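A.B. asks:
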Amino acid sequence: LTMPTIIPPDSPALPAAFDILGIAVFALTGALSAAQMRQTFVTVAFFALMTGVGGGTLRDLLIGAPVFWVRDPFVAPVCLAVALLAWFTPVRWWQGRLLEWADALGLAVYSGFGTIKAMAWGVPPVPAMVMGVVTGCVGGIVRDVVAGQPSILMRPELYVTAGALAAAVAAAGLAMGFSPALTWAVAATVGFALRGAAIHWSLGLPAHEGAD
Amino acid sequence: LTMPTIIPPDSPALPAAFDILGIAVFALTGALSAAQMRQTFVTVAFFALMTGVGGGTLRDLLIGAPVFWVRDPFVAPVCLAVALLAWFTPVRWWQGRLLEWADALGLAVYSGFGTIKAMAWGVPPVPAMVMGVVTGCVGGIVRDVVAGQPSILMRPELYVTAGALAAAVAAAGLAMGFSPALTWAVAATVGFALRGAAIHWSLGLPAHEGAD
Amino acid sequence: LTMPTIIPPDSPALPAAFDILGIAVFALTGALSAAQMRQTFVTVAFFALMTGVGGGTLRDLLIGAPVFWVRDPFVAPVCLAVALLAWFTPVRWWQGRLLEWADALGLAVYSGFGTIKAMAWGVPPVPAMVMGVVTGCVGGIVRDVVAGQPSILMRPELYVTAGALAAAVAAAGLAMGFSPALTWAVAATVGFALRGAAIHWSLGLPAHEGAD
């Protein structure tokens, strides 16, 4: 009688615990970024949420799906809990390589997932690949732009590229008829391997030479 | 036959005159920000609109509601009229405390409203609280980011916090079964009191100590 | 059984080849902007896409239409092809006046189109005019904000103004009952003439004198 009910198409999902963990890792990078800029708790919480859910939010708006965290009772509270964790623990606890590797895993897993979800909603392969990159990278881009810092998009390190690789593999796998679960696993592995190699050997892409 | 008609759920609304007044106050802060940066009239008008409707726009996109001002024949013209007002009157007319207090009232009223509207659309309490903060604060954040200035999110003064308080009170009140109108009144009063205290006594939140 | 099918209302469309050409011109300005900032290919591709489809994306989200390029198999590939073109050709090939004039034509044509599409979806004239400005200008604004540069919105040259003129003419023409095709042609011509005059004679708008 009131709102149309949108029944989402079947698409594979992460086990709930892993899904929340992935969002929490992204949220933690946002919260720590705000803490390192010596911000207040409210700002830390805002950055946690923006970074944790930003990419998936834009993806869902673009493909016309209900925004995944708005009707979910757990995602927003977890992001706020992560903000509390970042606020009450020393920043140096989180400055080791563990967070960077967890972020790399989240990037690869969500970039693959974004593409698979988009194709389940009827999006063709190339724009679906874009949706994967958006899912994995836009949270971090918004975090950096709102903070007034050069965004991950503008740095030569292989970050967005690893997300793009995972998304491209996912789109190609589905287009070739492989199952979503297998495709997702391969896509995430390949993307994680590239991002991991970039972290380990400080790999970057060549830059354009500019206008001379 | 063509577009699905979305019948919005009942939710309390401001009397139309007050609603337009609230949007006009937000729009005026955007227009004055552009005027002080010595911009052209077109830029002043763009800032008036962005600041006046930005927060409610993002809230409506996130909860899946039709964007409130797009099909309304009055909201956009009022924002443009505010831009004309800011353009043709001396900026110092508006630099007193009155505008700051009107903005504080708008912040509290709309942060409460955003939460109440979201819960009327079926959003659970914690994400609905986020929707309230988005409604009250995102217009100002977009204004500052597009202007290339440090956003209200990055300043220690109690601004986003007052919006978050109003939104939290609204979510708690509805969750406890109080009527939307009463909840809204209490939420707006509490949020306005906190923002007013912050203006009067220059209160701020403690900042994180950073990474040492 | 699953998703509601939205049958869009009739509205005039550009012949497909011209439409793709217009998006390609916008995408090229984004790609070149990234190349001049000495960015990597992935960043060049992201900027091409953001600039090419950004304005129409926000318009479609605001009016509740399916986002035009997400289910289209050609638009995203064309933006990526433009990024390849910008990457493998010398930037100076593109620094002549031709690109600036092509961008002026795209600005006028899409600003008029955005207004006409919005009115076909039931948006009243003044917000529909805003939708036209959004369509023509937001891609460039996002490009500049993400790049950390002063946006076209903050420069005194007649750019957003020319888009606003085309949009206003389109809204007025439809409101007076002229056919969409005629209205579009007149709106685009007038907007292009103003932008062209601004390029040729370096016209700008007067700026506000600030707060003194």
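If you read the protein sequences in the order shown, they are chains A, B and C.
All residue numbers for the first sequence refer to this note's numbering, where the first residue is 1 and numbers rise by one.
All residue numbers for the second sequence refer to this note's numbering, where the first residue is 1 and numbers rise by one.
All residue numbers for the third sequence refer to this note's numbering, where the first residue is 1 and numbers rise by one.
Heads up, the beta-carbon is just placed ideally off N, CA and C, and yes, glycines get one too.
Every value quoted in this text rests on a predicted model; they were computed, and no experiment measured them.
Which value, in whole angstroms, describes the spacing of the CA atoms of I20(B) and P124(A)?
C.D. replies: Mapped onto the second sequence, residue 20(B) falls at position 20. Mapped onto the first sequence, residue 124(A) falls at position 124. Cα to Cα, the separation comes out at about 42 Å.
A.B. asks: Taking just the CA atoms, how far does V169(A) sit from L1(C)?
C.D. replies: The count along the third sequence starts at 1 and reaches residue 1(C) at position 1. The count along the first sequence starts at 1 and reaches residue 169(A) at position 169. With a pLDDT of 35 at L1(C), under the threshold of 50, the modelled position of that residue is not reliable, and no figure is offered here.
A.B. asks: What are the partner residues of E157(B), as DSSP defines its beta bridges?
C.D. replies: Here residue 157(B) refers to the residue found at position 157 when the second sequence is read from its first residue. G204(B), per the DSSP bridge assignment.
A.B. asks: What are the boundary residues of the alpha helix (DSSP H) that E100(C) is part of?
C.D. replies: For the purposes of this step, residue 100(C) is identified with residue 100 of the third sequence, where counting begins at 1. Per DSSP, E100(C) belongs to the alpha helix (DSSP H) from R97 to A120.
A.B. asks: Is A76(B) close to chain C, meaning its C-beta is less than 7 Å from at least one C-beta of that chain?
C.D. replies: Position 76 of the second sequence, counted from the start, is the residue given in the question as residue 76(B). Judged by the 7 Å Cβ criterion, A76(B) is in contact with chain C.
A.B. asks: Is it true that the CB of A31(C) sits closer than 7 Å to the CB of V82(C)?
C.D. replies: Locating residue 82(C) in the third sequence gives position 82, where the first residue counts as 1. Locating residue 31(C) in the third sequence gives position 31, where the first residue counts as 1. Against a cut-off of 7 Å, the Cβ pair of A31(C) and V82(C) comes out as a contact.
A.B. asks: How about the stretch 39-48 of chain C and the stretch 91-100 of chain C: do they share at least three Cβ pairs that are nearer than 8 Å?
C.D. replies: Output reads no: the stretch 91-100 of chain C does not touch the stretch 39-48 of chain C.
A.B. asks: Taking 6 Å as the limit between beta carbons, can you name the residues of its chain near T57(B), skipping five residues before and five after?
C.D. replies: The residue you call residue 57(B) lines up with position 57 of the second sequence. Only V67 meet the Cβ criterion.
A.B. asks: Is the Cβ of T2(B) closer than 7 Å to any Cβ of chain C?
C.D. replies: By one-based count along the second sequence, residue 2(B) stands at place 2. Because T2(B) carries a pLDDT of 43, less than 50, the predicted location of this residue cannot be relied on, and the following value inherits that uncertainty. Output row for T2(B): interface = yes.
A.B. asks: Answer yes if the stretch 71-90 of chain C comes into contact with the stretch 103-121 of chain C, meaning at least three C-beta pairs across the two stretches below 8 Å, and no otherwise.
C.D. replies: Contact between the stretch 103-121 of chain C and the stretch 71-90 of chain C is absent, because fewer than three Cβ pairs lie under 8 Å.
A.B. asks: Based on Cα-Cα distance, which residue from E157(A), A65(A), P206(A) and A207(A) lies nearest to W121(A)?
C.D. replies: Taking the first residue of the first sequence as position 1, residue 121(A) is located at position 121. Nearest C-alpha to W121(A): A65(A).
A.B. asks: With 9 Å as the limit, tell me which residues of the stretch 167-179 of chain C have their beta carbon closer than that to any beta carbon of chain B; keep them in chain order.
C.D. replies: From the stretch 167-179 of chain C, no residue has a Cβ closer than 9 Å to chain B.
A.B. asks: Spell out whether any CB of chain B is found under 7 Å from the CB atom of A108(C).
C.D. replies: To locate residue 108(C), count along the third sequence from 1; it is residue 108. Chain B, which has no Cβ nearer than 7 Å to the Cβ of A108(C), makes this no.
A.B. asks: Tell me whether the beta-carbon of R59(A) lies closer than 7 Å to the beta-carbon of T135(A).
C.D. replies: The residue labelled residue 59(A) in the question sits at position 59 within the first sequence. The residue labelled residue 135(A) in the question sits at position 135 within the first sequence. Yes. Within cutoff.
A.B. asks: Who are the Cβ neighbours of P9(B) in its own chain at under 7 Å, not counting the five residues just before and after it?
C.D. replies: Within the second sequence, numbered from 1, the residue matching residue 9(B) stands at position 9. Hits under 7 Å: A120 and W121.
A.B. asks: Establish whether the CB of T161(A) and some CB of chain C are separated by less than 7 Å.
C.D. replies: To locate residue 161(A), count along the first sequence from 1; it is residue 161. By this cut-off, T161(A) is an interface position.
A.B. asks: So which residues on chain A does L205(B) lean against when the C-beta distance must stay under 7 Å?
C.D. replies: To locate residue 205(B), count along the second sequence from 1; it is residue 205. Chain A residues near L205(B): T40, F41 and V42.
A.B. asks: Can you check whether the C-beta of I116(C) is within less than 7 Å of a C-beta belonging to chain B?
C.D. replies: Indexing the third sequence from 1 puts residue 116(C) at position 116. Not one chain B Cβ lies under 7 Å of I116(C).
A.B. asks: Which residues share a DSSP beta bridge with T89(A)?
C.D. replies: The sequence position of residue 89(A) within the first sequence is 89, counting from 1. According to DSSP, which records beta bridges pairwise, T89(A) is partnered with nothing at all.
A.B. asks: Answer with buried or exposed for G210(B), where buried requires no fewer than 16 other C-beta atoms within 10 angstroms of its C-beta.
C.D. replies: Along the second sequence, one-based indexing puts residue 210(B) at 210. Exposed, because fewer than 16 other Cβ atoms sit within 10 Å of the Cβ of G210(B).
A.B. asks: Expressed to the nearest angstrom, what Euclidean distance is found between the alpha-carbon atoms of T29(C) and V53(C)?
C.D. replies: Translated into the one-based positions of the third sequence, residue 29(C) becomes position 29. Translated into the one-based positions of the third sequence, residue 53(C) becomes position 53. Each residue's Cα considered, the two are about 12 Å apart.
A.B. asks: Under 7 Å between the Cβ atoms of V142(B) and M50(B)?
C.D. replies: For the purposes of this step, residue 142(B) is taken as the residue at position 142 of the second sequence. For the purposes of this step, residue 50(B) is taken as the residue at position 50 of the second sequence. In contact: V142(B) and M50(B) (Cβ atoms closer than 7 Å).
A.B. asks: Buried or exposed: where does P4(C) fall if 16 or more other Cβ atoms within 10 Å of its Cβ makes it buried?
C.D. replies: In the third sequence, residue 4(C) corresponds to position 4, counting from 1. In this predicted model, P4(C) has a pLDDT of only 47, less than 50, meaning its place in the structure is not dependable; the value taken from the coordinates is given anyway. The residue in question, P4(C), is exposed, as its Cβ has fewer than 16 Cβ neighbours within 10 Å.
A.B. asks: With burial defined as no fewer than 16 other Cβ atoms inside 10 Å of the residue's Cβ, what is the status of M176(C): buried or exposed?
C.D. replies: Here residue 176(C) corresponds to residue number 176 of the third sequence, with the count starting at 1. By the neighbour-count rule (16 or more Cβ atoms within 10 Å), M176(C) is not buried but exposed.
A.B. asks: Which residues share a DSSP beta bridge with T40(B)?
C.D. replies: On the second sequence, residue 40(B) is found 40 positions in, with the first residue counted as 1. A207(C).
A.B. asks: Kindly list the residues whose CB is nearer than 6 Å to the CB of G112(B), restricted to its own chain and excluding five residues on each side of it in sequence; keep chain order.
C.D. replies: Here residue 112(B) refers to the residue found at position 112 when the second sequence is read from its first residue. The answer, listed in chain order, is A166, A170, W184, A187 and A188.
A.B. asks: Take E130(C) as the anchor and find which of F26(B), S33(B) and W69(B) has the nearest alpha-carbon.
C.D. replies: Taking the third sequence and counting its residues from 1, the one referred to as residue 130(C) is at position 130. The question names Glu, yet the displayed sequence has Val at residue 130(C). Taking only the C-alpha atoms, the option nearest V130(C) is W69(B).
A.B. asks: Counting only C-beta atoms, is G64(A) closer than 7 Å to chain C at any point?
C.D. replies: Taking the first residue of the first sequence as 1, we reach residue 64(A) at position 64. So yes, G64(A) belongs to the interface.
A.B. asks: Do L203(A) and L158(A) have their CB atoms nearer than 7 Å?
C.D. replies: As a first step, residue 203(A) is located in the first sequence; it is residue number 203 there, counting from the start. As a first step, residue 158(A) is located in the first sequence; it is residue number 158 there, counting from the start. It is a contact, given that the beta carbons lie within the stated cut-off.
A.B. asks: Would you list, in chain order, the members of the stretch 140-159 of chain A that have their beta-carbon closer than 9 Å to a beta-carbon of chain B?
C.D. replies: Listed by position along the chain: V145, V146, A147 and G148.
A.B. asks: Please confirm whether V190(A) has its beta-carbon closer than 7 Å to some beta-carbon of chain C.
C.D. replies: Taking the first residue of the first sequence as position 1, residue 190(A) is located at position 190. It does not; no Cβ of chain C falls within 7 Å.
A.B. asks: Quick one: which chain A residues come within Cβ less than 7 Å of A164(B)?
C.D. replies: Counted from its first residue, the second sequence places residue 164(B) at position 164. Neighbours of A164(B) on chain A, chain order: V42.
A.B. asks: Can you tell me whether F88(B) is buried or exposed, with buried defined as 16 or more other CB within 10 angstroms of its CB?
C.D. replies: The residue you call residue 88(B) lines up with position 88 of the second sequence. Flag for F88(B) reads exposed.
A.B. asks: Would you mind working out which of A197(C), V190(C) and G132(C) sits nearest L62(C), comparing C-alpha positions?
C.D. replies: Position 62 of the third sequence, counted from the first residue, corresponds to residue 62(C). L62(C) has its Cα closest to that of G132(C), out of A197(C), V190(C) and G132(C).
A.B. asks: On the premise that A162(C) lies in contact with G139(C), defined as a C-beta separation below 8 Å, what is that separation, rounded to the nearest angstrom?
C.D. replies: For the purposes of this step, residue 139(C) is identified with residue 139 of the third sequence, where counting begins at 1. For the purposes of this step, residue 162(C) is identified with residue 162 of the third sequence, where counting begins at 1. About 15 Å; that fails the 8 Å criterion.
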